[in-house]
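Student: Numbering (the numbering used here), first residue to last: 1 to 156.
Glycine included, each C-beta is placed from N, C-alpha and C at the ideal position.
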Amino acid sequence: MNLESPGTIAADVLIASDIPPDEAVWLAAEFTSVGLTADLRVAGPKRSFGDITWAILAAIPLQSFFSRLAEDAADDVHQRLKTFVNRLLRRRQTGTGPRPVIVLQDTLSGAQVVLHYDLPADSYRQLLGLDLTGARHGPLHYDQEPRSKLPQSGPS
């Protein structure tokens, strides 16, 4: 059990594989830098969502976390979240195999948000504006295809 410091939010963080102690310290510090107190654990056997292999799964109250980021970073909240995700994933990347992702799981609704390395800033703006209370059908991903390229449906 991790004791929260005043003003921080607890995060249960599962890591897909063992990491050296110095990397665990670095990872915990990265979470602390965005107002989260990380309780780090190794997940055991490889877990995935279909064809997506995650490197880190963090269970946190997402709305509280996003609100905290907004208080701390004001206009740059989406950039701060993007920087946090990219720093974590840059360190976890290897030259082979699927690119790792971070999964943020809301502790209140169970909603899961899959974040890839180097997503556009717009993806973070959209994420921070979502109401995740009703999102319970599988993990949420950012659609990187331009809307004009997606098939159109509906009445003609």
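Short check: CB of Q105 to CB of L57, under 8 Å?
Tutor: Reading the sequence shown from its first residue, position 105 is the one you call residue 105. Reading the sequence shown from its first residue, position 57 is the one you call residue 57. For Q105 and L57, yes; Cβs fall inside 8 Å.
Student: Provide the residue span of the beta strand (DSSP E) that contains V42, from first to last.
Tutor: Here residue 42 is taken as the residue at index 42 of the sequence shown, counted from 1. Here the beta strand (DSSP E) through V42 covers L36 to V42.
Student: Could you spell out where the beta strand (DSSP E) holding L140 opens and where it closes?
Tutor: Counted from its first residue, the sequence shown places residue 140 at position 140. Run containing L140: none; DSSP gives neither H nor E here.
Student: Can you tell me where the alpha helix (DSSP H) with A121 in it begins and where it stops?
Tutor: Within the sequence shown, residue 121 is the residue found at index 121, counting from 1. That run of the alpha helix (DSSP H) goes A121 to G129.
Student: Suppose contacts are defined by Cβ-Cβ distances below 8 Å. Is L40 in contact with L27 by that definition?
Tutor: If you number the sequence shown from 1, residue 40 lands on position 40. If you number the sequence shown from 1, residue 27 lands on position 27. Contact flag set, yes.
Student: Could you tell me whether the Cβ atoms of V85 and L115 are closer together than 8 Å?
Tutor: Within the sequence shown, the letter at position 85 stands for residue 85. Within the sequence shown, the letter at position 115 stands for residue 115. In contact: V85 and L115 (Cβ atoms closer than 8 Å).
Student: So, with DSSP's three-state summary, where would you put D18?
Tutor: Taking the first residue of the sequence shown as 1, we reach residue 18 at position 18. Coil at D18, not helix or strand.
Student: Could you give the DSSP three-state label for L108: helix, strand or coil?
Tutor: Here residue 108 is taken as the residue at index 108 of the sequence shown, counted from 1. Note: L108 maps to coil in three-state DSSP.
Student: With a 10 Å radius around its C-beta and 16 neighbouring C-beta atoms as the bar for buried, classify G129 as buried or exposed.
Tutor: If you number the sequence shown from 1, residue 129 lands on position 129. Result: exposed.
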